[in-house]
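Peer 1:
Number of protein chains: 2
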Amino acid sequence: MDERLRKPRIDDVARRAGVSTATVSRALATPDQVKPKTREAVEKAVLETGYVLNVAARNLRTNRTHAVLAVVPDVANIFFSLVLRGISDTLHQHGYRLVIADTGNDPERERDHAEFAQAGWVDGLLLLNGRLLPAPTGGRRRLAVPTVSLCERIPGSDIPYVETANREAARAMTERLLQLGHRRIGYVSGPPNNILEHDRFAGYRDALAARGLAPDPALVCPGDYTLATGEAAATAYLSLAELPDAVFASNDAMAMGLIRGFTAAGLSVPEAISIAGFDDIEFAGAYNPALTTVHQARSEIGARATTMLIDLIEGRQLASREVHLPAEIVMRDSTRER
Amino acid sequence: MDERLRKPRIDDVARRAGVSTATVSRALATPDQVKPKTREAVEKAVLETGYVLNVAARNLRTNRTHAVLAVVPDVANIFFSLVLRGISDTLHQHGYRLVIADTGNDPERERDHAEFAQAGWVDGLLLLNGRLLPAPTGGRRRLAVPTVSLCERIPGSDIPYVETANREAARAMTERLLQLGHRRIGYVSGPPNNILEHDRFAGYRDALAARGLAPDPALVCPGDYTLATGEAAATAYLSLAELPDAVFASNDAMAMGLIRGFTAAGLSVPEAISIAGFDDIEFAGAYNPALTTVHQARSEIGARATTMLIDLIEGRQLASREVHLPAEIVMRDSTRER
DNA sequence: TTTCGATTTGTAATCGATTACATTTTTTTC
DNA sequence: GAAAAAAATGTAATCGATTACAAATCGAAA
Numbered sequence: 000m001d002e003r004l005r006k007p008r009i010d011d012v013a014r015r016a017g018v019s020t021a022t023v024s025r026a027l028a029t030p031d032q033v034k035p036k037t038r039e040a041v042e043k044a045v046l047e048t049g050y051v052l053n054v055a056a057r058n059l060r061t062n063r064t065h066a067v068l069a070v071v072p073d074v075a076n077i078f079f080s081l082v083l084r085g086i087s088d089t090l091h092q093h094g095y096r097l098v099i100a101d102t103g104n105d106p107e108r109e110r111d112h113a114e115f116a117q118a119g120w121v122d123g124l125l126l127l128n129g130r131l132l133p134a135p136t137g138g139r140r141r142l143a144v145p146t147v148s149l150c151e152r153i154p155g156s157d158i159p160y161v162e163t164a165n166r167e168a169a170r171a172m173t174e175r176l177l178q179l180g181h182r183r184i185g186y187v188s189g190p191p192n193n194i195l196e197h198d199r200f201a202g203y204r205d206a207l208a209a210r211g212l213a214p215d216p217a218l219v220c221p222g223d224y225t226l227a228t229g230e231a232a233a234t235a236y237l238s239l240a241e242l243p244d245a246v247f248a249s250n251d252a253m254a255m256g257l258i259r260g261f262t263a264a265g266l267s268v269p270e271a272i273s274i275a276g277f278d279d280i281e282f283a284g285a286y287n288p289a290l291t292t293v294h295q296a297r298s299e300i301g302a303r304a305t306t307m308l309i310d311l312i313e314g315r316q317l318a319s320r321e322v323h324l325p326a327e328i329v330m331r332d333s334t335r336e337r
Numbered sequence: 000m001d002e003r004l005r006k007p008r009i010d011d012v013a014r015r016a017g018v019s020t021a022t023v024s025r026a027l028a029t030p031d032q033v034k035p036k037t038r039e040a041v042e043k044a045v046l047e048t049g050y051v052l053n054v055a056a057r058n059l060r061t062n063r064t065h066a067v068l069a070v071v072p073d074v075a076n077i078f079f080s081l082v083l084r085g086i087s088d089t090l091h092q093h094g095y096r097l098v099i100a101d102t103g104n105d106p107e108r109e110r111d112h113a114e115f116a117q118a119g120w121v122d123g124l125l126l127l128n129g130r131l132l133p134a135p136t137g138g139r140r141r142l143a144v145p146t147v148s149l150c151e152r153i154p155g156s157d158i159p160y161v162e163t164a165n166r167e168a169a170r171a172m173t174e175r176l177l178q179l180g181h182r183r184i185g186y187v188s189g190p191p192n193n194i195l196e197h198d199r200f201a202g203y204r205d206a207l208a209a210r211g212l213a214p215d216p217a218l219v220c221p222g223d224y225t226l227a228t229g230e231a232a233a234t235a236y237l238s239l240a241e242l243p244d245a246v247f248a249s250n251d252a253m254a255m256g257l258i259r260g261f262t263a264a265g266l267s268v269p270e271a272i273s274i275a276g277f278d279d280i281e282f283a284g285a286y287n288p289a290l291t292t293v294h295q296a297r298s299e300i301g302a303r304a305t306t307m308l309i310d311l312i313e314g315r316q317l318a319s320r321e322v323h324l325p326a327e328i329v330m331r332d333s334t335r336e337r
């Protein structure tokens, strides 16, 4: 191949600078191990040759990639966006890169990524999907890849995690609704078997119990975190003999669904009924009416988990393996005093 | 190191299966070049040893990574979520992986990623930020990395791109508003110097001109794609002697801002004024009222661009280097007949 | 059975960096 | 100015796969 087209290698630079490849490598990676004069010569040669190192060669030799894989069930899910930003920013600060695997909750895709993580494609793993990557086929024991789980802890595993203190947050929100004078407080749940959902519902009951109130099963509607189930829940409530004073939905999309459902039926929110959500996604504040909700510090969850992962990768001890970040109750216009 | 802990290599498998490393490599990569019996022996040995190939070694040898880098100005921007999903799905179908670089519009970060792309960290580049990655320092000519731009073409470059036919779409939406009987149609713009904005505004004027209407400068409000500027625009319109009949915002967030602004002032949408947006982000349909808007086929934009990139990477000719996808006008509840 | 071609397998070079260790150069100390 | 210590540089092995080329094996045809 034509010399001018061939990609320059480290020895092209070395030759041009009149030094050895070892020196070039050091001048680039650990500049202060090299005499200033030599360093300049190397830098000049790099510029002249247009040298760029070969990542694969370095990775092979050092057995490091400086990349981290985030396993996300759905990149298009608005909830993850800010978490990813927190991850991305933190990684960048520490000189790491982000690889994203959108699994679509498909086990086959999860397996594939688990395999690649093992293959040294990344230095660490961030699991946002609330479950372990499946062990690669052929159960032989493997050297573990550093892993942190976030948003949702993984029950029955000892993987370090970062999540919102869901139970406490749900309890706090329910208490706020009680303080506003509401007594018949409905609850729209997320999918069963979901650990987040479990925690949030527990928080809701905690608050009621603290007031000596038993949760009324008729006021608890099943949902699955989609807008549609929120609308359906509104319909269900409307068929009750007596409407609830307020409804707490375990995420924002369902809260919006409730608002749409009630509004469509001619009930205005918050005049006729108060609605609260959970998550504080982007458009909660922009909604009409602006949504009262539980603010999860999503980018901070991402940032904290990433810091922990980097500690793990670089062999430092973790201060704590289980982090519960407090959430903030944000009162907006979808709730009011009774 | 203890034999049982050391990561097994291809020659461990070869020894165990009683074949050469070449055969193992072939059995794994191109199974039908290998006798079924040998293949089975290799597969057995792989399972027994727990072998996983070393990605860096393969990448070094083959000079391929089967990974693609998507350069995004902001992963947390809801607009990109679905585009990323389209990218991710398509890549997966073709056996590629996704690396995401969130640049935060920071040129330094962009430079860094450009460098890494050159370094063979990925096989191709997907630019979602509407600009070229800066040429690495030291202007020497480089071998180009296959690149496709999407969502926003890059003016003054010949990089293949995929985008929505913005001008035609904006024109179509404006025409719909005219059909509904509206004549005083306001427009809230995106940031100046933005190529998308330029196209959309042109479409708006096209439609008016086709009816012999001149755009009234008083009805054109500056915005920057944020909710806040939408609200500000509502305030500005309210101070006019005569309100517009309808307002077309060049994205959904601003349209929502308009609705909030007008609603807060006691004007109801669409009774008092019709509002239309652009993009059809997730919550446009969930908004209250549900937003009339221009639906961009975001995941398809991602998918098409990705297909083109893979063609480029694998050395196939591109059928067309400039793809304009049609958009769909979605009439919902924020507009009505005059 | 022999021969020829096709199929399967093996040998060993190669990708391009990093780094242990050895060697040389420079600096410090007395 | 010599010896010792420290700093800078060089030599060459190494990371773990792929693959060109050579060699061996197999099957079919004669």
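These protein sequence lines map, in sequence, to chains A and B.
For what it's worth, numbering that gives the first Met the number 0 labels the leading residue of the first sequence as 0, then goes sequentially.
For what it's worth, numbering that gives the first Met the number 0 labels the leading residue of the second sequence as 0, then goes sequentially.
Every residue gets a Cβ at the ideal spot worked out from N, C-alpha and C, and that includes glycine.
In the DSSP assignment, what residue or residues form a beta bridge with residue 125 of chain A?
Peer 2: A:69 and A:147
Peer 1: Helix, strand or coil: which one does DSSP assign to residue 337 of chain A?
Peer 2: coil
Peer 1: Contact between the segment 187-194 of chain A and the segment 218-227 of chain A: three or more CB pairs below 8 Å?
Peer 2: yes
Peer 1: Could you pull out every residue in the same chain whose Cβ sits closer than 6 Å to the Cβ of residue 50 of chain B, ignoring the five residues on either side in sequence?
Peer 2: 7 and 12
Peer 1: Please list, in chain order, the residues of the segment 275-296 of chain B that have any C-beta partner in chain A closer than 9 Å.
Peer 2: 280, 281, 282, 284, 285, 286, 287, 288 and 289
Peer 1: On the DSSP letters alone, give me the boundaries of the beta strand (DSSP E) that residue 310 of chain A sits inside.
Peer 2: No beta strand (DSSP E) contains residue 310 of chain A, which is instead part of the alpha helix (DSSP H) from 297-312.
Peer 1: Sort out for me which residues DSSP pairs residue 328 of chain A with in a bridge.
Peer 2: A:293
Peer 1: Could you give the DSSP three-state label for residue 247 of chain A: helix, strand or coil?
Peer 2: strand
Peer 1: Where does residue 264 of chain B fall in DSSP's three states?
Peer 2: coil
Peer 1: Quick one: what's got a C-beta closer than 8 Å to residue 335 of chain A's C-beta in the same chain, skipping five residues either side?
Peer 2: 179, 269, 270 and 273
Peer 1: Taking the CB atoms as reference points, tell me whether residue 129 of chain B and residue 194 of chain B lie closer together than 8 Å.
Peer 2: yes
Peer 1: What runs of the beta strand (DSSP E), each 3 residues or longer, lie entirely inside the segment 179-262 of chain A?
Peer 2: 184-187 and 245-248
Peer 1: Verify whether the separation of the beta carbon atoms of residue 82 of chain A and residue 127 of chain A is less than 8 Å.
Peer 2: yes
Peer 1: Starting from residue 160 of chain B, follow its DSSP beta bridges and name the residues at the other end.
Peer 2: B:148 and B:321
Peer 1: Using only CA atoms, which one of A:22, A:225 and A:70 lies nearest to residue 45 of chain A?
Peer 2: A:22
Peer 1: Does residue 5 of chain A pass the burial test, meaning 16 or more other C-beta atoms within 10 Å, or should it be called exposed?
Peer 2: By the neighbour-count rule (16 or more Cβ atoms within 10 Å), residue 5 of chain A is not buried but exposed.
Peer 1: Report back the beta-carbon spacing between residue 160 of chain B and residue 147 of chain B to the nearest angstrom; my notes put them in contact at under 8 Å.
Peer 2: 7 Å
Peer 1: Can you check whether the C-beta of residue 91 of chain A is within less than 8 Å of a C-beta belonging to chain B?
Peer 2: With a threshold of 8 Å between beta carbons, residue 91 of chain A makes contact with chain B.
Peer 1: Taking a contact to mean a Cβ-Cβ separation below 8 Å, would you say residue 55 of chain B touches residue 123 of chain A in this structure?
Peer 2: no
Peer 1: Within 10 Å of its beta-carbon, does residue 10 of chain A have 16 or more other beta-carbons around it, so buried, or fewer, so exposed?
Peer 2: exposed
Peer 1: Is there at least one Cβ from chain B nearer than 8 Å to residue 262 of chain A's Cβ?
Peer 2: yes
Peer 1: Grab me the residues of residue 338 of chain A's own chain with a C-beta within less than 7 Å of its C-beta, minus the 5 sequence neighbours each way, in chain order.
Peer 2: No statement about residue 338 of chain A is possible, as the shown extent of chain A runs from 0 to 337 and does not include it.
Peer 1: Express the C-alpha separation of residue 275 of chain B and residue 333 of chain B in angstroms, rounding to a whole number.
Peer 2: 7 Å
Peer 1: May I ask you to list, following chain order, the residues of the segment 102-116 of chain B that have a beta carbon less than 8 Å from some beta carbon of chain A?
Peer 2: The residues in question are 103, 108, 114 and 115.
Peer 1: From the beta carbon of residue 143 of chain B, is the nearest beta carbon of chain A less than 8 Å away?
Peer 2: no
Peer 1: In terms of residue numbering, what span does the beta strand (DSSP E) encompassing residue 274 of chain A cover?
Peer 2: 273-275
Peer 1: Starting from the Cα of residue 72 of chain A, find the closest Cα among A:18, A:105 and A:244 and give me that residue.
Peer 2: A:105
Peer 1: Can you tell me the Cα-Cα spacing of residue 282 of chain B and residue 280 of chain A, whole angstroms?
Peer 2: Answer to the nearest angstrom: the Cα atoms are 11 Å apart.
Peer 1: Tell me, which residues are paired with residue 25 of chain B by DSSP?
Peer 2: DSSP lists no partner for residue 25 of chain B.
Peer 1: Establish whether the CB of residue 53 of chain B and some CB of chain A are separated by less than 8 Å.
Peer 2: yes
Peer 1: Would you identify the three-state DSSP class for residue 100 of chain A, choosing helix, strand or coil?
Peer 2: strand
Peer 1: Report the option in A:297, A:42 and A:20 whose CA atom is closest to the CA atom of residue 278 of chain A.
Peer 2: A:297
Peer 1: Return the CA-CA distance between residue 139 of chain B and residue 29 of chain B, expressed in angstroms with no decimal places.
Peer 2: With a pLDDT of 46 at residue 139 of chain B, under the threshold of 50, the modelled position of this residue cannot be trusted; read the value that follows with caution. Going from the Cα of residue 139 of chain B to the Cα of residue 29 of chain B covers about 39 Å.
Peer 1: Of all the options B:43, B:290 and B:158, which has the alpha carbon lying nearest to the alpha carbon of residue 248 of chain B?
Peer 2: B:290
Peer 1: So what does DSSP say about residue 111 of chain A, is it helix, strand or coil?
Peer 2: Annotated three-state conformation of residue 111 of chain A is helix, per DSSP.
Peer 1: Under the assumption that residue 131 of chain A contacts residue 156 of chain A (Cβ atoms under 8 Å), give the Cβ distance between them as a whole number of angstroms.
Peer 2: 6 Å
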